[in-house]
Amino acid sequence: MPTQDFFYLLGHLSFVITFLAYAQSNLIRLRLIAVCSLVVGLVYNTYVHINMPEGQNLWPVLLWMGVFLVQNIVNSVREVNRSLEISVPAHERLIQASAFPRMHSRDWMAMSAAAKKSVLPKGHVVLATGAATHQLQMLVMGTALEQRSDQVPLRRRMGALWGELTWVLGGEMFNSSPCDVLITSEDAEVWEWEYSVLDQLCKGNDRLAVALKDGFVRSASFKHGLLAPRCDDQEPLLEPRRAAPSNLADAGPRQSGLAGESLGRAYVASTTGK
Numbered sequence: 510m511p512t513q514d515f516f517y518l519l520g521h522l523s524f525v526i527t528f529l530a531y532a533q534s535n536l537i538r539l540r541l542i543a544v545c546s547l548v549v550g551l552v553y554n555t556y557v558h559i560n561m562p563e564g565q566n567l568w569p570v571l572l573w574m575g576v577f578l579v580q581n582i583v584n585s586v587r588e589v590n591r592s593l594e595i596s597v598p599a600h601e602r603l604i605q606a607s608a609f610p611r612m613h614s615r616d617w618m619a620m621s622a623a624a625k626k627s628v629l630p631k632g633h634v635v636l637a638t639g640a641a642t643h644q645l646q647m648l649v650m651g652t653a654l655e656q657r658s659d660q661v662p663l664r665r666r667m668g669a670l671w672g673e674l675t676w677v678l679g680g681e682m683f684n685s686s687p688c689d690v691l692i693t694s695e696d697a698e699v700w701e702w703e704y705s706v707l708d709q710l711c712k713g714n715d716r717l718a719v720a721l722k723d724g725f726v727r728s729a730s731f732k733h734g735l736l737a738p739r740c741d742d743q744e745p746l747l748e749p750r751r752a753a754p755s756n757l758a759d760a761g762p763r764q765s766g767l768a769g770e771s772l773g774r775a776y777v778a779s780t781t782g783k
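So in my numbering the end of the sequence shown lands on 783, straight run, no missing numbers.
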């Protein structure tokens with residue numbers, strides 16, 4: 510095949526690869542194919558540039574294609590690196606699975622690093638009915654009692670969330686706590702994220718925002734009985750087993766599930782005569 514025909518075919522190949530790149534829905538594949546297209550296009554245009562008559566050139570084309578090539582290579586490396594899972598300590602992985610099982614490990618470690626972590630004593634009031642909510646709170650160790658005026662008290666454990674509705678709906682729609690939340694274990698660990706911190710973490714990261722809202726729906730589904738209770742549920746492995754304290758948390762029906770849903774009618778009936 511004559512050299513000139515080969516390079517003309519190479520030019521057409523560059524545009525075909527560009528077409529394939531634009532047909533991709535996956536951003537990483539799009540960028541990688543675009544890199545191949547730009548490399549082939551640079552080879553073709555360099556050949557044309559070398560063989561142009563004196564006084565004519567393709568320097569602007571070659572310059573901008575080089576810029577686009579560097580841009581796509583840098584962004585491809587960044588996207589691939591962002592998609593790779595990282596190692597998460599076992600106790601952190603357990604906390605993540607209890608509240609946000611679909612969250613990427615990189616996003617979870619960013620959430621963990623940004624959290625304000627507090628150890629609270631027994632009897633500490635985490636929230637009072639009507640109190641304004643300014644942050645997302647998550648129980649990561651210990652137990653708490655969630656009391657509403659019109660419902661049976663709920664025992665909450667690892668993965669329980671408070672304040673998520675205000676962040677999702679906005680303060681104009683939902684800006685106060687509908688329940689009292691009281692620590693019932695000897696001590697408990699609670700993580701907090703100011704809403705401005707969550708906004709910053711989710712900025713340009715739809716993957717994190719989707720995982721957060723998925724966790725919110727999961728927590729609400731357990732709490733309000735929309736998901737089936739697990740009657741053989743065990744205490745989270747992160748928590749040492751303690752003797753059951755004689756407090757309000759144990760007087761009411763015990764919860765099953767990490768997010769604190771109420772037990773079924775069979776359990777309540779079995780405890781009625783005790």
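A virtual CB, placed ideally from N, CA and C, is assigned to each residue, including glycine.
Please go through the same chain and pick out, in chain order, the residues whose beta-carbon is closer than 8 Å to the beta-carbon of residue i, but skip the five residues on each side of it.
i: T652; result: R664, R665, R666, I692, T693, S694, A697 and A758
i: M561; result: L567
Take residue i as the anchor and find which of the options has the nearest alpha-carbon.
i: D723; options: D689, R615 and Q605; result: Q605
i: H643; options: K631, E673 and N535; result: E673
i: V677; options: V549, A599, L519 and F725; result: F725
i: I537; options: T527, S523, G680 and V589; result: V589
i: V706; options: S621, H633 and Q580; result: S621
i: R615; options: R591, P630 and G632; result: R591
i: A619; options: Q513, N714, R657 and G680; result: N714
i: M574; options: G564, V544 and T675; result: V544
i: K625; options: Y704, L593 and D514; result: Y704
i: V548; options: V661, V576, W617 and S596; result: V576
i: M601; options: N581, R587, W617 and E594; result: Sequence check: residue 601 is Glu here, not Met. The candidate whose alpha carbon is nearest that of E601 is W617.
i: S627; options: G639, M647, V597 and E681; result: M647
i: W671; options: E681, Q656 and Q660; result: Q656
i: P784; options: Q580, T675, T555 and Q660; result: Residue 784 lies beyond the range of the chain shown here (510 to 783); nothing can be said about it.
Sorted by chain position, which residues of the same chain lie with C-beta nearer than 7 Å to residue i's C-beta, five sequence neighbours on each side aside?
i: L541; result: S585
i: Y553; result: F516, L519, G520 and S523
i: S546; result: S523, I526, T527 and A530
i: I595; result: S614, R615 and M618
i: A778; result: Because A778 carries a pLDDT of 40, less than 50, the predicted location of this residue cannot be relied on, and no value is offered for it.
i: F716; result: The sequence shown places Arg at residue 716, rather than the Phe named in the question. Within the same chain, R716 has close Cβ partners H613 and D616.
i: F683; result: L674 and T675
i: G680; result: none
Could you pull out every residue in the same chain whose Cβ sits closer than 6 Å to the Cβ of residue i, ignoring the five residues on either side in sequence?
i: S755; result: Because the pLDDT at S755 is just 41, under 50, the model does not fix this residue reliably, and the value given afterwards should be weighed accordingly. Result list for S755: empty, nothing under 6 Å.
i: K631; result: I692 and E695
i: N581; result: R540, A543 and V544
i: Q533; result: L539
i: I559; result: none
If I'm right that residue i touches residue j with Cβ under 8 Å, what's the distance once you round it to whole angstroms?
i: L636; j: D689; result: 7 Å
i: L572; j: V557; result: Going by Cβ atoms, the distance from L572 to V557 rounds to 14 Å, so no, they are not a contact pair.
Residue j and residue i - do their beta-carbons sit closer together than 8 Å?
i: V784; j: V649; result: In the structure displayed, the chain extends from 510 to 783; residue 784 sits before or after that span and is not available.
i: W702; j: L654; result: no
i: A729; j: S685; result: no
i: R611; j: A720; result: yes
i: L710; j: A623; result: yes
i: L578; j: L551; result: yes
i: P598; j: T638; result: no
Tell me, please, whether the CB atom of residue i is closer than 8 Å to any CB atom in chain C?
i: S685; result: Given the protein chain composition of this structure (a single chain), no chain C is represented.
Can you find a heavy atom of the ligand PLP that lies under 7 Å from the Cβ of residue i?
i: Q605; result: This structure lacks the ligand PLP, and indeed carries no ligand of any kind.
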